[in-house]
Amino acid sequence: MTQRKPPGMDFESWIDRQIREAQERGEFDDLPSAGKPLPGAGGPLEEDWWIKKKVREEEGASGLPPSLVLRKEAETAKARALAAATEAEARAIIGEVNARILDALRKPLSGPPLTLMPFDVDEIVRERASGGR
0 MTQRKPPGMD FESWIDRQIR EAQERGEFDD LPSAGKPLPG AGGPLEEDWW
50 IKKKVREEEG ASGLPPSLVL RKEAETAKAR ALAAATEAEA RAIIGEVNAR
100 ILDALRKPLS GPPLTLMPFD VDEIVRERAS GGR
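Counting along the sequence shown from 1, when you hit position 25 you're at 24 in numbering that gives the first Met the number 0, and nothing is skipped either side.
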């Protein structure tokens with residue numbers, strides 16, 4: 000926990016001392032960006048740059064909330080299963096996406112409500128066999 004600045008000591012020397020002591024304790028060792036320049040250093044900052052950065056970190060590179068990402072992945076998985084070369088491959092694709100859907104239903108994702116239900120594997124296999132109709 001950070002200590003309070005002692006009375007009579009100016010801020011700069013107190014801060015410098017705190018940093019030096021933390022370095023001596025090794026608290027800055029093995030930081031993820033150690034030895035690398037700060038991202039965007041020297042360049043102009045966009046308005047609300049910190050909000051955009053936080054959204055990217057929390058919601059993935061797509062910028063979409065996780066619940067919408069899962070909806071899109073479910074659509075893609077169904078299309079892949081319908082185009083699968085074998086029934087076993089189709090079942091594996093749907094089984095994988097169904098597991099993710101069930102997990103999201105148990106532990107809700109951020110974003111709009113998830114309206115997905117697991118796919119009926121047998122129905123997808125029948126649809127695949129009839130040519131995707």
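Glycine included, each C-beta is placed from N, C-alpha and C at the ideal position.
Alpha-carbon spacing of L37 relative to I50, whole angstroms: Taking the first residue of the sequence shown as position 1, residue 37 is located at position 38. Taking the first residue of the sequence shown as position 1, residue 50 is located at position 51. For L37 and I50, the distance between alpha carbons rounds to 17 Å.
Neighbour-count burial assignment, K35, 16 or more Cβ in a 10 Å radius: Sequence index remark: in the sequence shown, residue 35 carries index 36 (1-based). Exposed: under 16 other Cβ atoms inside 10 Å.
K71 burial status per 10 Å Cβ neighbour count (16 or more: buried): The sequence position of residue 71 within the sequence shown is 72, counting from 1. K71 should be labelled exposed.
A172 to R3 span [Cα, whole Å]: Absent from the model: residue 172. The displayed extent of the chain is 0 to 132, so no value can be given.
For R24, the first and last residue of its enclosing alpha helix (DSSP H): The residue labelled residue 24 in the question sits at position 25 within the sequence shown. That residue, R24, is in no alpha helix (DSSP H); it is neither H nor E in DSSP.
Assigned exposure category for L115 - 16 Cβ within 10 Å defines buried: Translated into the one-based positions of the sequence shown, residue 115 becomes position 116. Per the 10 Å Cβ criterion, buried.
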